[in-house]
Each structure stands twice: as C-alpha cells, then as structure tokens.
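Here is the structure we will look at, set down as structure tokens.
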C-alpha cells in the first residue's frame with residue numbers, strides 16, 4: 001500500500017510502493033495524489049518520530065548499553081561489543097537486521113568519533129566505514145560544509161554566513177583560522193567541527209532506559225488478521241529484547257493490548273497475557289509464541305493500535321557457552337516446547353500430573369498447570385517403590401471369576417506375578433479403601449494391575465471383590 005508523510009502539503013518521505021508510482025520527497029501533495037490515487041497520507045508528527053527513535057534505541061540496546069539519541073537517529077558506541085559479536089562486520093550486519101526489524105531503512109556509518117559517524121551517515125544510503133583517524137579525516141574533508149550546518153540546526157542567518165565564506169567542503173572550512181571563524185559564525189559550529197575530527201573531547205549523556213517497559217504503536221492501517229498484527233508487533237518485541245539486555249532482565253509475563261477502531265460501535269480493548277515457562281529474552285522465540293497466540297484469537301473489531309507491556313521479569317544471569325549438550329540446554333528446549341504448546345492450545349489445556357501424599361492410587365496425583373518451574377527435582381531415597389502402571393482406569397473394572405474363583409481377563413484366568421501389596425487409607429476423609437494389589441499376566445500376554453477388596457469389605461460381592469485398575473505399558 002503506498003504511504004507518504006507530508007508537511008505543509010509537501011511530501012517528506014514515501015515508502016517503496018509510493019516511489020514505484022512516482023511519488024518522491026519534495027513533491028506537492030496534489031501532484032502525488034494524481035500519480036497515486038490510493039496514496040495513504042500521514043501528517044508529520046514530531047512526537048511519533050521521537051517515539052520511533054526511542055524504540056530504535058531500545059532495540060539497539062542488544063548491541064551496546066552506550067546509546068545517544070539524536071533528532072533522527074541513534075549513536076551507538078560499539079568498541080566494547082566487537083569481541084562479543086565476532087568483529088565489526090558481524091556487528092554491522094546485526095545492527096542492520098535490528099533496524100530493518102523495526103520497520104526502518106538503515107543508513108549507517110562507522111567512525112572513531114561520534115560526530116564523524118553522524119556526519120557520514122547523513123551523506124547517503126548504505127554503510128560508510130572509517131576505522132582509522134586518517135581515513136576519517138579524508139572522508140570528512142570531502143563532505144559538503146552544509147552537512148555540518150544541518151547537524152547543528154543553524155539559523156538561516158548563520159547558514160548564509162557559512163555560505164558567504166565560500167567553503168564548499170568541510171576540509172576547506174577546517175583550513176580557515178579558528179579564531180576568525182569563531183568570531184564570524186559562532187563557537188558552536190567551530191566546536192562541533194573540532195569534536196567531529198577528534199580534536200576536542202565530546203562528552204555525552206547516554207540514553208537511560210525507562211524503569212518499566214511499556215510501549216504503544218499506531219498501525220499505518222487497520223489490522224483485522226493475525227498476520228498484520230504480527231508485523232506490527234515485531235518492532236515492539238525488538239525494543240523489549242533490547243530493554244531486557246540494558247536492564248539485565250529476562251521476561252516472565254507479557255501483556256499485549258489491542259485497541260480497536262472507535263466510532264459508534266466501539267469495542268473495548270482486548271488484552272492478551274503470555275506467561276512463559278522459563279524467563280526469556282529472545283526475540284525470535286517471543287515472536288513465535290505471539291504468532292501462535294494471535295492465530296487463535298478472534299478479533300472483535302479491526303485494530304488500530306498495539307500496546308506491549310512487561311508485567312513480570314527476573315534478573316538475568318549470564319550463561320556461559322557449552323561445547324557438549326547439557327542439562328541446561330535440555331531444560332531450555334523443554335521450556336520452549338511448553339511455551340509454544342501453551343500459546344497454541346491455551347494454558348488451561350496443557351497440564352501435567354503432580355504427585356500427592358496419598359497412598360490411594362486414584363488420589364495419588366492431580367492435574368496442574370504445566371510450567372517448567374513447578375516440576376520438582378528428582379531425588380533418590382535409596383528404596384525401590386512397588387511398580388505402578390502408566391494407565392489407571394476410572395472407575396476400576398470389575399472382573400468375573402472362574403470355577404476356582406480366579407479372576408478372568410482376556411478370555412482366561414489371570415496369572416498373579418507378585419505378592420499382595422496392601423493399601424489401607426482414606427479413613428481420615430470419609431473415603432476409606434482396603435485393598436490387596438497384584439501385578440498380573442493375562443491370557444493375551446499383557447501386564448495389568450488388579451486388586452481385591454478385603455474380604456470383610458466385600459463379603460457379599462458376587463465377583464469376590466476383584467477389579468482391574470490399570471495397564472502397564
């Protein structure tokens with residue numbers, strides 16, 4: 001869909017679809033609409049631009065904690081992150097991926113000073129790189145002098161003075177006497193020039209992430225399906241992961257708010273909660289879970305705004321890499337599987353058995369919500385417990401007897417393989433049992449678990465009190 005941002009009825013920026021139809025920056029709005037009748041027009045909003053830059057800064061927090069926000073971009077000090085990412089080339093590719101995942105077109109530059117990197121980035125598309133001071137000076141000298149004026153947002157009078165000097169390039173401007181230049185056009189431009197060339201210190205106040213993560217984004221057009229919501233959610237997830245890196249946290253519980261289209265039949269906001277089996281700060285895993293969750297969510301109305309908030313998080317301890325598979329890696333794989341099942345089916349449909357301190361087999365466990373953190377650690381007591389079947393029948397199945405009063409199953413008499421295991425319990429809650437359990441072998445060579453009620457309990461039972469209670473795998 002063609003989209004353009006306008007100010008004072010002039011096109012400031014346009015997406016690829018609009019460019020393909022002939023809409024370009026600087027064009028009159030009427031001319032742009034004549035070229036692209038379906039053009040979606042958005043008025044420029046400095047507030048939304050600032051919010052976009054802040055989201056980008058949060059996302060880039062996954063690269064480095066030293067961030068500085070500019071009016072239309074972010075400066076990132078990456079010297080301390082080079083070894084972590086395996087060199088400058090891989091770090092730049094990762095930075096490009098992060099910017100593109102935020103729905104933005106990356107224009108990047110690398111230089112020894114912050115001012116030089118910013119000036120080079122403003123020169124055009126692509127990546128400009130100067131790793132050494134000599135190459136940085138050469139690239140800066142070739143830049144138009146007006147780049148420095150735009151960087152400092154000089155007044156029209158100051159720009160006129162700069163133009164009257166007759167300097168087309170920064171190198172020519174830098175060659176002029178500093179004292180006279182400072183008197184004619186002011187100290188800010190001269191100081192900025194010195195900082196860009198590394199001739200003066202450049203102290204900056206680094207970006208400080210908010211105490212709590214909560215971001216909202218307005219969709220460019222109404223979304224009525226899961227696919228559109230996933231695309232709009234991607235920048236928020238990248239910002240979340242960057243925030244988690246900056247704060248050394250991992251996410252436990254997330255909340256997504258869907259704001260529906262207003263009007264006469266306005267619907268209340270839809271809130272979705274995602275509880276993770278184990279703390280996570282991986283954008284790909286979170287995107288997969290939200291995809292599963294959104295695909296089973298019926299939308300009450302089209303959505304025009306998304307809000308993502310982090311409700312619960314835990315301190316993240318760095319995990320060292322391991323050469324061989326370990327218990328930690330197995331736990332992470334189980335947690336990822338549980339998270340995906342819960343997102344796809346619903347938490348209420350993914351359960352596990354929890355053991356209870358009760359000798360009665362039908363009450364020795366219960367169904368609880370399946371979370372990895374709730375699984376108790378296995379401990380060895382040094383004793384061997386009697387065998388228990390994997391499948392318990394509910395209710396137990398009564399068994400007939402033959403002439404010798406042997407229980408019958410699968411067309412023949414059962415062969416008892418174990419001595420009686422007596423279970424007497426339940427007197428304290430009004431559901432007493434008094435049984436003798438056996439492991440038995442059927443005529444079809446199947447292992448089962450049977451019991452016989454105590455004779456004083458079933459003195460009048462026709463089948464002698466024999467029941468099938470379970471099957472062994």
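In full-length UniProt numbering, the protein residues as written are 1 to 473.
We put the beta carbon where it would ideally sit given N, CA and C, even for glycine.
For residue i, which residues of its own chain have a beta-carbon under 6 Å away from its beta-carbon, when the five flanking residues on both sides are left out?
i	result
residue 454	434
residue 295	226
residue 237	283, 286, 287
residue 218	305
residue 245	61, 62
residue 386	421
residue 418	438, 439
residue 256	272, 308
Can you tell me where the beta strand (DSSP E) with residue i in it begins and where it stops?
i	result
residue 435	433 to 441
residue 369	365 to 369
residue 285	Unbroken run through residue 285 is the alpha helix (DSSP H), 283 to 295; no beta strand (DSSP E).
residue 67	67 to 69
residue 10	10 to 14
residue 43	40 to 43
residue 485	Not covered by the structure: residue 485. The range shown for the chain is 1 to 473.
residue 394	391 to 398
residue 210	Residue 210 -> no beta strand (DSSP E), and no H or E assigned at all.
residue 7	3 to 7
residue 479	Within the shown structure, residues of the chain are numbered from 1 to 473, placing residue 479 beyond reach of any answer.
residue 467	466 to 471
residue 25	It is not in any beta strand (DSSP E) - residue 25 carries neither H nor E in the DSSP assignment.
residue 386	Premise fails: residue 386 is in no beta strand (DSSP E) and is neither H nor E.
residue 199	Run containing residue 199: none; DSSP gives neither H nor E here.
residue 268	Segment: none, residue 268 is in no beta strand (DSSP E) and carries neither H nor E.
residue 352	351 to 355
Rounded to whole angstroms, how far is the Cβ of residue i from the Cβ of residue j, which I believe are closer than 8 Å?
i	j	result
residue 23	residue 2	7 Å
residue 168	residue 145	6 Å
residue 99	residue 67	13 Å between Cβ atoms; not a contact.
residue 310	residue 213	4 Å
residue 241	residue 111	Residue 241 to residue 111, Cβ: 27 Å. No contact.
residue 84	residue 209	The pair is not a contact, with the Cβ atoms about 19 Å apart (cut-off 8 Å).
residue 39	residue 13	About 13 Å; that fails the 8 Å criterion.
residue 82	residue 91	6 Å
residue 410	residue 446	7 Å
residue 291	residue 251	No, residue 291 and residue 251 are not in contact; Cβ-Cβ is about 16 Å, not under 8 Å.
residue 390	residue 472	7 Å
residue 29	residue 5	About 11 Å; that fails the 8 Å criterion.
Quick one: grab the DSSP three-state call for residue i.
i	result
residue 426	coil
residue 50	helix
residue 339	helix
residue 277	strand
residue 242	helix
residue 310	strand
residue 221	strand
residue 407	strand
residue 412	strand
residue 235	helix
residue 419	coil
residue 460	Its pLDDT being 47, under 50, residue 460 is placed unreliably by the model, and nothing is read from it.
residue 56	helix
residue 77	coil
residue 299	coil
residue 444	coil
residue 454	coil
residue 63	coil
In chain order, what residues of the same chain have a beta carbon less than 7 Å from the beta carbon of residue i, not counting five sequence neighbours either side?
i	result
residue 267	260, 300, 301
residue 178	190
residue 342	350
residue 392	361, 362, 469, 470
residue 201	none
Can you name the start and end residues of the alpha helix (DSSP H) that residue i belongs to?
i	result
residue 249	First-last for residue 249: 249 to 260, but that is the beta strand (DSSP E), not the alpha helix (DSSP H).
residue 193	187 to 196
residue 172	170 to 174
residue 31	29 to 35
Return the chain-ordered list of same chain residues with a C-beta closer than 8 Å to the C-beta of residue i, the five sequence neighbours on each side being excluded.
i	result
residue 543	Because residue 543 is not part of the residues shown, which for the chain are 1 to 473, the question remains open.
residue 147	119, 122, 123, 170
residue 460	Note that residue 460 has pLDDT 47, beneath the 50 cutoff, so the model's placement of it is unreliable and the number below is only indicative. Taken in chain order, the list of residues that qualify is empty.
residue 425	358, 359, 360, 432, 433
residue 149	158, 159, 162, 189
residue 394	362
residue 356	363, 364, 365, 366
key: Residue ranges of each alpha helix (DSSP H) within the region 82 to 166, 4 or longer   = 82 to 85, 88 to 101, 114 to 121, 133 to 141, 146 to 152, 156 to 164
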